[in-house]
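In my numbering, the protein residues as written are 7 to 236.
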Amino acid sequence: MAKQNVKNEGDERLESIETTLTKAEQFVIDNQKPIYIVLAVLIIAVLAFFGVKKYYLEPREKDAQAAIYHAEQYFENDNFATALNGDGNYLGFVDVINDFGGTKTANLAKYYAGVCCLNTGDFNKAVEYLKSYKGKDVLVSSLALGCLADAYMELGNVAEAAKCYVSAAKKSANSFTSPMYLLRAGMAYEMVGDYQNAINVYNTIKADYPNSNEGFSIEKYIARAQAEMK
């Protein structure tokens, strides 16, 4: 009897599976045209993506890299105005941004342009370019945040500068730039009377970067902020 029940249950499961398969097959038959259209669209989209990447985006990226070369040379020689706007023969960072929008190189040019504007005194433009930079390189992103903080300081937006300094320190944690940015953040917090946050970042330097240049003299900053808070 038990064997018979098992057999019946097995037969029922097989019938259920067959019914499900039949329904699926019928669905495909009934909807052949829409299914084929969807598949065709997907195939065309995939082919278009790889086609655009290979025949448009990659050559465009190479052109952008060639175009930015001379601007980078001017930048390395601290000729920030020419690096930004070009020299009449070769493109500057602004031209690269405008002519090669959407490329990785144009995005990097936004960082360069922001630094150039910071060094030439156009702090509003510096903020604009640096905020629009969206790089994946952790170190460059950290430097961009630090420069953005410097620009905010120049514009008198000290509270925003402090936040950016802290973000820059956290973005690429290392014993060189992190304590430097944290010290600047603490000093900015003191300027706006936020002594508790100043003490917090100074204590971070003391705990995490005691052997840095900033760490050697951090006690005096902590003592000063504590005294001001009292």
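For every residue, glycine included, the Cβ atom is placed at its ideal position computed from N, Cα and C.
Of the residues the options, the one placed nearest residue i, counting alpha carbons only
| i | options | result |
| --- | --- | --- |
| residue 137 | 121, 218 and 126 | 121 |
| residue 70 | 115, 146 and 192 | 115 |
| residue 217 | 236, 181 and 192 | 181 |
| residue 123 | 209, 161, 145 and 224 | 161 |
| residue 184 | 133, 106, 145 and 199 | 145 |
| residue 143 | 178, 88, 87 and 222 | 178 |
| residue 74 | 64, 90 and 65 | 90 |
| residue 224 | 92, 87 and 208 | 208 |
Residue i versus residue j - alpha carbon distance
| i | j | result |
| --- | --- | --- |
| residue 118 | residue 194 | 25 angstroms |
| residue 200 | residue 133 | 24 angstroms |
| residue 56 | residue 101 | The predicted position of residue 56 is uncertain, since its pLDDT is 47 and thus under 50; no value can be drawn from it. |
| residue 99 | residue 232 | 45 angstroms |
Min CB distance residue i to chain C below 7 angstroms
| i | result |
| --- | --- |
| residue 183 | The chain inventory of the structure shown lacks chain C, comprising one protein chain alone. |
Burial state of residue i (16 or more Cβ within 10 Å)
| i | result |
| --- | --- |
| residue 196 | buried |
| residue 84 | exposed |
| residue 95 | exposed |
| residue 113 | buried |
| residue 155 | buried |
| residue 235 | exposed |
| residue 104 | exposed |
| residue 192 | buried |
| residue 106 | buried |
| residue 168 | buried |
DSSP-derived helix/strand/coil call for residue i
| i | result |
| --- | --- |
| residue 96 | coil |
| residue 234 | helix |
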